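Numbering (our numbering), first residue to last: 74 to 177.
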């Protein structure tokens, strides 16, 4: 359960610089697709949206990890629940990021 909690906190930590527009265009970190490299305005707007998505993923994972730690005694069940929440939340975040990018 600790690994899932740390994963959630990691996603939260990675999201904050994107939300705060602290990450300039680069090839290593951020929402890196051709359109985001076309202008700084698009880069920062798209990465801010992606950052909020990652923040949501991190919060969802951390809260789920805390809840499964308290509510289940089965490590297998807890891992299955955490993995499902992670997959669903990440899918929603990716769809939202591309949807936002399409409107820019």
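Yeah, the Cβ is synthetic: ideal placement off N, Cα and C, and Gly gets one too. Given the structure is predicted, the values throughout are model-derived calculations rather than measurements.
{"Check": "N-terminal and C-terminal residue of the alpha helix (DSSP H) that residue 175 is part of", "Outcome": "148-176"}
{"Check": "Delimiting residues of the alpha helix (DSSP H) encompassing residue 32", "Outcome": "Because the chain here runs from 74 to 177, residue 32 falls outside it and cannot be looked at."}
{"Check": "Distance between residue 177 and residue 137 (C-alpha atoms, nearest Å)", "Outcome": "33 Å"}
{"Check": "Span separating the alpha-carbon of residue 89 from that of residue 128", "Outcome": "7 Å"}
{"Check": "Local Cβ density within 10 Å of residue 99, reported as buried at 16 or more and exposed below that", "Outcome": "exposed"}
{"Check": "Option in 155, 94 and 130 with minimal Cα separation from residue 164", "Outcome": "130"}
{"Check": "Residue environment, residue 134, which counts as buried when at least 16 other CB atoms sit within 10 Å", "Outcome": "buried"}
{"Check": "With 16 other Cβ atoms within 10 Å as the buried cut-off, status of residue 172", "Outcome": "exposed"}
{"Check": "Buried or exposed by the 16-neighbour rule on C-beta atoms within 10 Å, applied to residue 75", "Outcome": "exposed"}
{"Check": "DSSP state of residue 106 mapped onto helix, strand, coil", "Outcome": "coil"}
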